[in-house]
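*Asks:* When you read off a place in the sequence shown, starting at 1, and then add 2, the result is the number in my numbering.
I am attaching a structure below and will ask some questions about it afterwards.
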Amino acid sequence: MTAFPAIVATEPGPASLQELTDDQLPDGDVTVAVRWSSLNYKDGLAVTGKGKIIRSYPMVCGIDLAGTVEASDSSSWQVGDEVVVTGWGLSETAPGGYTQRQRLRSEWLVGRPDGLTLQQTMAVGTAGLTSMLCVIALERAGVSPDAEGEVLVTGAGGGVGSVAVAVLAKLGYRVAASTGRAETHDFLRSLGATTIVDREELATAGKPLDKERWVGAVDTVGSQTLATVLAQTRYGGAVAACGLVGGGDLPTTVLPFILRGVSLLGVDSVMCPTPQRVEAWQRLGRDLPTAVLDELTTIEPMARVPELAEDIVAGRTRGRVVIDTAT
Ligand SMILES: NC(=O)c1ccc[n+]([C@@H]2O[C@H](COP(=O)([O-])OP(=O)(O)OC[C@H]3O[C@@H](n4cnc5c(N)ncnc54)[C@H](OP(=O)(O)O)[C@@H]3O)[C@@H](O)[C@H]2O)c1
Numbered sequence: 003m004t005a006f007p008a009i010v011a012t013e014p015g016p017a018s019l020q021e022l023t024d025d026q027l028p029d030g031d032v033t034v035a036v037r038w039s040s041l042n043y044k045d046g047l048a049v050t051g052k053g054k055i056i057r058s059y060p061m062v063c064g065i066d067l068a069g070t071v072e073a074s075d076s077s078s079w080q081v082g083d084e085v086v087v088t089g090w091g092l093s094e095t096a097p098g099g100y101t102q103r104q105r106l107r108s109e110w111l112v113g114r115p116d117g118l119t120l121q122q123t124m125a126v127g128t129a130g131l132t133s134m135l136c137v138i139a140l141e142r143a144g145v146s147p148d149a150e151g152e153v154l155v156t157g158a159g160g161g162v163g164s165v166a167v168a169v170l171a172k173l174g175y176r177v178a179a180s181t182g183r184a185e186t187h188d189f190l191r192s193l194g195a196t197t198i199v200d201r202e203e204l205a206t207a208g209k210p211l212d213k214e215r216w217v218g219a220v221d222t223v224g225s226q227t228l229a230t231v232l233a234q235t236r237y238g239g240a241v242a243a244c245g246l247v248g249g250g251d252l253p254t255t256v257l258p259f260i261l262r263g264v265s266l267l268g269v270d271s272v273m274c275p276t277p278q279r280v281e282a283w284q285r286l287g288r289d290l291p292t293a294v295l296d297e298l299t300t301i302e303p304m305a306r307v308p309e310l311a312e313d314i315v316a317g318r319t320r321g322r323v324v325i326d327t328a329t
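Structure (structure tokens):
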């Protein structure tokens with residue numbers, strides 16, 4: 003039986019590069035030859051062991067994967083189909099994408115969307131899918147590129163943030179990007195941001211109702227940052243909340259909601275139903291310029307995942323990182 007490499011956590015603590023064989027694959031009706039995976043904040047927490055992500059051991063890490071169907075007992079998928087899987091508990095309750103082969107439940111698969119290569123789907127990954135779900139949520143709440151004013155993206159230098167900046171700019175929104183790193187300013191401007199906001203400005207408690215600045219926002223930070231963003235959102239605006247890099251609390255009041263009609267929109271990409279995923283992937287294929295996506299992407303070998311996981315947890319990662327499972 004041929005062995006293949008994978009990043010595996012055998013017990014609570016850091017995961018490492020190990021060898022697996024087919025008899026270690028889980029049950030499932032589709033086997034995928036995994037070509038690419040990606041690095042997300044949650045992967046950082048799982049691989050370093052710094053966050054309680056993994057629910058059972060041993061666990062193949064990696065919340066995303068893209069590859070080609072190698073064997074299928076499902077009528078929905080044929081050998082050779084190019085597919086993408088994100089979320090659904092990969093690296094939590096089911097073995098994930100840092101491997102060259104994985105067996106999965108057919109209902110988790112989405113076909114590679116038009117307009118993106120398999121590698122580009124992982125440049126998008128869970129982070130980018132989440133960005134697009136946030137944009138769609140803002141659109142449904144009535145936030146439009148025609149509105150006078152800016153849409154704010156927090157944690158803009160990271161994966162979710164940078165893809166959100168790129169998509170919003172392409173759609174014609176005026177985008178303000180909040181970052182804590184001066185070295186990302188040119189990068190964020192190259193993605194289409196027209197205003198840069200210092201992260202510290204939002205991390206400090208202000209008035210419960212502050213000066214109205216944003217027509218909408220994508221927040222990846224949570225805690226005081228989200229509270230400040232809500233207090234600065236214009237009458238009738240909306241904020242899509244998807245992250246907690248700054249903390250899981252929310253020290254706000256009801257005033258933005260009851261006096262300005264501000265909406266707080268929760269966004270989850272992990273258990274998101276398939277029709278919404280398919281819509282978001284189609285939109286990404288259309289509304290995310292691939293030249294910009296390539297610009298915000300770094301490709302790294304699977305062997306470096308333990309090191310890269312430390313970087314993303316420490317907030318040192320810029321844009322999106324694609325993991326090449328073949329190297
Ligand atoms: N709801 C969902 O389904 C879903 C899906 C994907 C991700 N998420 C969440 O979204 C968040 C971002 O994920 P990601 O993959 O984009 O991570 P990431 O690439 O590490 O980006 C996070 C960015 O946040 C900023 N940041 C880091 N620490 C911070 C702090 N203490 N205070 C304020 N800002 C800080 C940094 O940007 P700057 O240096 O530019 O400030 C960093 O690059 C995470 O909390 C993740 O769990 C949620």
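For glycine and all other residues, C-beta sits at the position ideal for the given N, C-alpha and C.
Does the beta carbon of L246 fall short of 7 Å from some heavy atom of ligand 1?
*Replies:* L246: yes, Cβ under 7 Å from ligand 1.
*Asks:* Hey, would you say the C-beta of A149 is under 7 Å away from at least one heavy atom of ligand 1?
*Replies:* The answer is no for A149.
*Asks:* Cβ of T276 versus every heavy atom of ligand 1: is any distance shorter than 7 Å?
*Replies:* No, the beta carbon of T276 sits no closer than 7 Å to any heavy atom of ligand 1.
*Asks:* Determine the DSSP secondary structure at T206, reduced to helix, strand or coil.
*Replies:* In this structure, T206 counts as coil in the three-state DSSP scheme.
*Asks:* Verify the contact flag: R288, CB atom, against every heavy atom of ligand 1, threshold strictly below 7 Å.
*Replies:* No - ligand 1 has no heavy atom lying nearer than 7 Å to the Cβ of R288.
*Asks:* Taking the alpha carbon of R37 as the reference point, which residue from Q121, V137 and W283 has its own alpha carbon closest?
*Replies:* Per the Cα distances, Q121.
*Asks:* Please identify the residue among D25, Q26, S40 and A5 whose C-alpha is closest to the C-alpha of V307.
*Replies:* Closest option to V307, Cα to Cα, is S40.
*Asks:* Just the C-alpha distance for T299 and D66, rounded to the nearest angstrom, thanks.
*Replies:* So the two alpha carbons sit approximately 15 Å from each other.
*Asks:* So is E94 buried or exposed if we call it buried at 16+ other beta carbons inside 10 Å?
*Replies:* Label assigned to E94: buried.
*Asks:* Which stretch, first to last residue, makes up the beta strand (DSSP E) that contains S39?
*Replies:* Run containing S39: V32 to L41, per the beta strand (DSSP E) assignment.
*Asks:* Restricting to Cα atoms, I'd like to know which of T128, P97 and T12 is closest to D270.
*Replies:* When each option's Cα is compared against that of D270, the closest is T128.
*Asks:* What three-state label does DSSP hand E21 in the structure shown?
*Replies:* Strand, per DSSP.
*Asks:* Does DSSP put L232 in a helix, in a strand, or in coil?
*Replies:* Here L232 sits in helix by DSSP.
*Asks:* Quick one: complete beta strand (DSSP E) runs, 3+ long, within the stretch 219 to 280?
*Replies:* DSSP runs (the beta strand (DSSP E)) wholly in the stretch 219 to 280: 235 to 243 and 265 to 268.
*Asks:* With L120 as the anchor, note down where its alpha helix (DSSP H) starts and where it stops.
*Replies:* First-last of the alpha helix (DSSP H) with L120: L120 to R142.
*Asks:* Out of A233, V85 and G157, point me to the one whose CA is closest to K213's CA.
*Replies:* The residue with the shortest Cα to Cα distance from K213 is A233.
*Asks:* Buried or exposed: L258, going by 16 or more other Cβ atoms within 10 Å of its Cβ?
*Replies:* Rather than Leu, the amino acid found at residue 258 in this sequence is Pro. Burial call: buried.
*Asks:* With a threshold of 7 Å, establish whether the CB of S271 neighbours any heavy atom of ligand 1.
*Replies:* Within the cutoff, so yes.
*Asks:* So, for P28: in the same chain, excluding its five sequence neighbours on each side, which residues have a beta-carbon less than 7 Å away from its beta-carbon?
*Replies:* Within the same chain, P28 has close Cβ partners A96, P97 and R105.
*Asks:* Using the three-state DSSP reduction, which class does V87 fall into: helix, strand or coil?
*Replies:* Correct three-state label for V87: strand.
*Asks:* Could you give the first and the last residue of the continuous alpha helix (DSSP H) run that contains I314?
*Replies:* It spans V307 to V315 - the alpha helix (DSSP H) in which I314 sits, taken as one unbroken run.
*Asks:* What three-state label does DSSP hand W79 in the structure shown?
*Replies:* Looking at W79 - three-state DSSP - the assignment turns out to be coil, as it is neither helix nor strand.
*Asks:* Compare the Cα-Cα distances from A328 to each of T12, V112 and A8 and report the closest residue.
*Replies:* When each option's Cα is compared against that of A328, the closest is A8.
*Asks:* Compute the minimum distance between the beta carbon of K44 and the heavy atoms of ligand 1, and state whether it is under 7 Å.
*Replies:* Yes, the beta carbon of K44 sits closer than 7 Å to at least one heavy atom of ligand 1.
*Asks:* Can you say whether P14 is buried or exposed, counting buried as having 16 or more other CB atoms within 10 angstroms of its CB?
*Replies:* P14 should be labelled exposed.
*Asks:* Considering only C-alpha positions, which residue in the set E109, V241 and A17 is nearest to T33?
*Replies:* Of the listed residues, the one whose Cα sits closest to T33 is E109.
*Asks:* Would you please state the rounded distance, in angstroms, between the beta carbons of G245 and V153? I believe it to be under 8 Å.
*Replies:* Not quite, the Cβ-Cβ distance comes to about 16 Å (not below 8 Å), so this is no contact.
*Asks:* With a threshold of 8 Å on Cβ separation, who are the neighbours of E72 within its own chain once the five nearest residues in sequence on each side are excluded?
*Replies:* Only T33, V34, A35, V81 and R103 meet the Cβ criterion.
*Asks:* Using a 10 Å radius around the Cβ and a threshold of 16 neighbouring Cβ atoms, would you call D251 buried or exposed?
*Replies:* It is exposed - the Cβ of D251 has fewer than 16 other Cβ atoms within 10 Å.
*Asks:* Look up E109 in the DSSP assignment and say whether it is helix, strand or coil.
*Replies:* Note: E109 maps to helix in three-state DSSP.
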